[in-house]
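**Q** Dumping the structure here so I can ask a few things about it.
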Amino acid sequence: MITTSAASLACQAAVAHAGALGIRINVAVTDASGTLAAFLRMPNAFLHSIDIAIDKAYTAASFGFPTSQWGGVIGDDELLRIGLNQRQRLVLFGGGLPVVTDGQRIGGIGVSGGSAEQDEACARAGLQALGLD
Numbered sequence: 019m020i021t022t023s024a025a026s027l028a029c030q031a032a033v034a035h036a037g038a039l040g041i042r043i044n045v046a047v048t049d050a051s052g053t054l055a056a057f058l059r060m061p062n063a064f065l066h067s068i069d070i071a072i073d074k075a076y077t078a079a080s081f082g083f084p085t086s087q088w089g090g091v092i093g094d095d096e097l098l099r100i101g102l103n104q105r106q107r108l109v110l111f112g113g114g115l116p117v118v119t120d121g122q123r124i125g126g127i128g129v130s131g132g133s134a135e136q137d138e139a140c141a142r143a144g145l146q147a148l149g150l151d
């Protein structure tokens, strides 16, 4: 399982990367069950991004792949796209990554506040701080 100190370190690294990019983010880390383990909000980060970051981490933890990959999973299936968009807490755009160590999914990290690409880069910085990627 992900430890409190590891979850906190990942959040801090994501925030540091966001600072280097000149953006303000919210970052969340969950355990493997999707339960919130750590959260940080940069001053003046978007308020709506709080729940989005948490839900990105939840989605990545529960499915085990980056939230940016949902487009490929859905493809041209319009009914699937419509149906999935109605699911609470399911995020279908970038910024959420699973936390995996030794082939075992132990959580998820979600970032919201920048573009999908910037959010994912910040989440990846969080993983890299843990020696994961």
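Numbers given in my numbering equal positions in the sequence shown, counted from 1, plus 18. Note that the Cβ used here is the ideal one computed from N, Cα and C, for glycine as well.
1) Could you please give the first and the last residue of the uninterrupted alpha helix (DSSP H) stretch that includes L145?
2) In angstroms, rounded to a whole number, what distance separates the CA positions of T85 and L39?
3) Leaving out five residues before and five after S26 in sequence, what residues of the same chain have Cβ atoms less than 6 Å from its Cβ?
4) Which word fits Q106, buried or exposed, when buried means at least 16 other C-beta atoms lie within 10 angstroms of its C-beta?
5) Where do the ends of the alpha helix (DSSP H) carrying N103 lie?
**A** Answer, in terms of the structure:
1) Going by DSSP, L145 is part of the alpha helix (DSSP H) stretching over A134 to A147.
2) Cα-Cα distance, rounded: 21 Å.
3) Exclusion of the five residues before and after S26 leaves A56 as the residues of its chain whose Cβ lies within less than 6 Å of its Cβ.
4) By the Cβ-count criterion, Q106 is exposed, with fewer than 16 other Cβ atoms from all chains shown falling within 10 Å of its own Cβ.
5) Its alpha helix (DSSP H) spans residues E96 to N103.
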